[in-house]
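Just so we're aligned: the sequence shown equals residues 2 to 349 in the working numbering.
Cβ coordinates follow ideal geometry from the N, Cα and C atoms, glycine included.
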Amino acid sequence: MKTNPGRFFEDFRLGETIRHATPRTVTTGDVALYTALYGPRFAVQSSDAFAAAFGYARAPLDDLLVFHVVFGKTVPDISLNAVANLGYAEGRFLRPVYPGETLNSVSEVIGLKESSNRQTGVVYVRSTGTDAQGEAVLSYCRWVLVRKRDPEAAIAEEAVPSLAKAVAPQDLARGLPPLNAQAYDLGLAGSPHRFGDYAAGERIDHVDGMTVEEAEHQIATRLFQNTAKVHFDGFAAKDTRFGKRLIYGGHVISLARALSFNGLGNAFSIAGINAGRHVAPLFSGDTVYAWSEVLATADLPGRNDVGALRLRTVATKNQPCTAHPDKAGEGYDPAVILDLDYWALMPR
2 MKTNPGRFFE
12 DFRLGETIRH
22 ATPRTVTTGD
32 VALYTALYGP
42 RFAVQSSDAF
52 AAAFGYARAP
62 LDDLLVFHVV
72 FGKTVPDISL
82 NAVANLGYAE
92 GRFLRPVYPG
102 ETLNSVSEVI
112 GLKESSNRQT
122 GVVYVRSTGT
132 DAQGEAVLSY
142 CRWVLVRKRD
152 PEAAIAEEAV
162 PSLAKAVAPQ
172 DLARGLPPLN
182 AQAYDLGLAG
192 SPHRFGDYAA
202 GERIDHVDGM
212 TVEEAEHQIA
222 TRLFQNTAKV
232 HFDGFAAKDT
242 RFGKRLIYGG
252 HVISLARALS
262 FNGLGNAFSI
272 AGINAGRHVA
282 PLFSGDTVYA
292 WSEVLATADL
302 PGRNDVGALR
312 LRTVATKNQP
322 CTAHPDKAGE
332 GYDPAVILDL
342 DYWALMPR
């Protein structure tokens, strides 16, 4: 066959390394389109002058733009035949990435577990994004439920990996340049709150909402070269249990991150992803809201310029977050679509 039907669960092998196509040079055009899609307002990624005064070479790419580009490359080899992306862990943003850099992706299969119905199985991978010189810029684990081609196919070897519950503070921001916290202009940044103004247990309703349009999520998924069938093929989607296309889970993450500016405007960089779960699907026409909880605050070894907030951001659809919709018994409030636990950096 000259076409790629995508891998099914029985095609994966523990320990194999998968090198993904296609190298992608990320430009200021991608930055402009990303901004148009999600509306992020964090000053460090918005202004070369602001970023340079703070200590960067210039405005770096939004961390999630880097994540999506790296993630998108893995889809044809990992999740083209996925039922659902289940979760994330051990995510580390290793250094700033600037416009003009070329990103590549490689994944290692670290776990396989067949479902009891033998129709599907969970594939665990550790994916790494590198620049043109092969230097790692991002690493993360994810697990995805993938269809089997043949329900009777035997699986050679299975294992469920042991993953850390959180990235340790000492492993964060190792590639971050020295920053001048005093030069960080709170007025231009749009928020008066620094690291010391937040405390564990605090909850923040981000107030604003964004309605997702059909064209937006289609453009976004193409921007990241994510070829997953569930996002594009409306004809095939008619025969699924939802009867329509699903919106890429990363689209929800970027929307929630952009919404979080209202309350976390100086959380200028995502340093690590501890855990993440796409609780329920999102569809075009739905409106996304978000709220965040400060799980912990952490000093970073050897740094007096920034601190790290461990945040849990919960996104909902068609329900504002004044009451902080959350887990309900063994499940979640029906409005919850995303539960993301991550570290964000903030100036002292």
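Exercise. Return the CA-CA distance between Ser-270 and Leu-173, expressed in angstroms with no decimal places.
Key: Translated into positions along the sequence shown, residue 270 becomes position 269. Translated into positions along the sequence shown, residue 173 becomes position 172. Taking the straight line from one Cα to the other gives about 11 Å.
Self-check item: alpha helix (DSSP H) segment containing Asp-31, residue limits
Solution: Residue 31 sits at position 30 when you count from the first residue of the sequence shown. It spans 29-39 - the alpha helix (DSSP H) in which Asp-31 sits, taken as one unbroken run.
Exercise. Leaving out five residues on either side along the sequence, give the residues of the same chain with a beta carbon under 6 Å from the beta carbon of Leu-260.
Key: In the sequence shown, counting from the first residue as 1, residue 260 sits at position 259. Within the same chain, Leu-260 has close Cβ partners His-207, Asp-209, Ala-291.
Quiz item: How is the beta strand (DSSP E) around His-279 delimited, first residue to last?
Solution: What you label residue 279 is simply residue 278 of the sequence shown in a count that begins at 1. Segment 270-279, the beta strand (DSSP E) holding His-279.
Quiz item: Measuring CA to CA, which of Pro-321, Val-253, Leu-265 is closest to Asp-340?
Solution: Against the sequence shown, residue 340 aligns to sequence position 339. Considering only alpha carbons, the answer is Val-253.
Practice problem: For Lys-74, count neighbouring C-beta atoms within 10 Å of its own C-beta (all shown protein chains included) and say buried if the count is 16 or more, exposed if not. | Solution: For this step, residue 74 is matched to residue 73 along the sequence shown. Buried is the call here.
Quiz item: Between the stretch 122-135 and the stretch 98-105, do at least 3 Cβ pairs fall closer than 8 Å?
Solution: yes
Quiz item: Could you give the residue range of the alpha helix (DSSP H) that holds Ser-255?
Solution: Translated into positions along the sequence shown, residue 255 becomes position 254. It spans 250-260 - the alpha helix (DSSP H) in which Ser-255 sits, taken as one unbroken run.
Quiz item: Based on the DSSP secondary-structure assignment, which residues constitute the bridge partners of Tyr-290?
Solution: As a position in the sequence shown, residue 290 is number 289, starting the count at 1. BP columns for Tyr-290 point to Thr-317.
Exercise. Within 10 angstroms of the Cβ of Leu-62, are there 16 or more other Cβ atoms? Answer buried if so, exposed if not.
Key: Your numbering for residue 62 matches position 61 in the sequence shown. The residue in question, Leu-62, is buried, as its Cβ has 16 or more Cβ neighbours within 10 Å.
Quiz item: DSSP puts Arg-93 in a beta bridge; with which residues?
Solution: Walking along the sequence shown from the start, residue 93 turns up at place 92. Looking at the DSSP assignment, Arg-93 forms a beta bridge with Ser-140, Gly-273.
Self-check item: Bridge-paired residues (DSSP) for Gly-303
Solution: Here the question's residue 303 lines up with position 302 in the sequence shown. Answer is none; Gly-303 lacks a bridge partner.
Quiz prompt | Three-way DSSP call (helix, strand, coil) for Leu-296 in this model | solution = Within the sequence shown, numbered from 1, the residue matching residue 296 stands at position 295. Strand at Leu-296.
Quiz prompt | CB-CB length for Ala-200 against Val-295, believed under 8 Å | solution = Locating residue 200 in the sequence shown gives position 199, where the first residue counts as 1. Locating residue 295 in the sequence shown gives position 294, where the first residue counts as 1. The Cβ separation is near 6 Å, so the contact holds.
Quiz prompt | Option nearest Gly-92 by Cα separation, candidates Arg-20, Val-168, Ala-33, Ala-182 | solution = Within the sequence shown, numbered from 1, the residue matching residue 92 stands at position 91. The shortest C-alpha separation from Gly-92 is found at Val-168.
Quiz prompt | Buried or exposed (CB count within 10 angstroms, at least 16 for buried), Gln-46 | solution = Position 45 of the sequence shown holds residue 46. Buried, because 16 or more other Cβ atoms sit within 10 Å of the Cβ of Gln-46.
Quiz item: Going by the CB atoms, is the gap between Asn-267 and His-194 shorter than 8 Å?
Solution: One-based indexing of the sequence shown puts residue 194 at position 193. One-based indexing of the sequence shown puts residue 267 at position 266. Yes, these two residues count as a Cβ contact at 8 Å.
Exercise. Apply the 10 Å Cβ neighbour rule to Ile-205 and answer buried if 16 or more other Cβ atoms are within range, or exposed otherwise.
Key: Here residue 205 refers to the residue found at position 204 of the sequence shown. Counting Cβ neighbours within 10 Å, Ile-205 comes out buried, since at least 16 surround it.
Quiz item: Taking the runs of the beta strand (DSSP E) that are 3 residues or longer, which of them lie wholly in the stretch 210-245?
Solution: none
Quiz item: Given 8 Å as the limit, is there contact between the stretch 141-155 and the stretch 15-28, that is, 3 or more CB pairs closer than that?
Solution: no
Exercise. Identify which residue in Phe-55, Asp-287, Arg-14 has its Cα closest to the Cα of Leu-189.
Key: As a position in the sequence shown, residue 189 is number 188, starting the count at 1. Among Phe-55, Asp-287, Arg-14, the Cα nearest to that of Leu-189 belongs to Phe-55.
Quiz item: Across which residues does DSSP place Met-347 in a beta bridge pair?
Solution: Sequence index remark: in the sequence shown, residue 347 carries index 346 (1-based). Per DSSP, Gly-308.
Exercise. List the residues that DSSP assigns as beta-bridge partners of Glu-115.
Key: Your numbering for residue 115 matches position 114 in the sequence shown. Answer by DSSP bridge pairing, in chain order: Gly-122.
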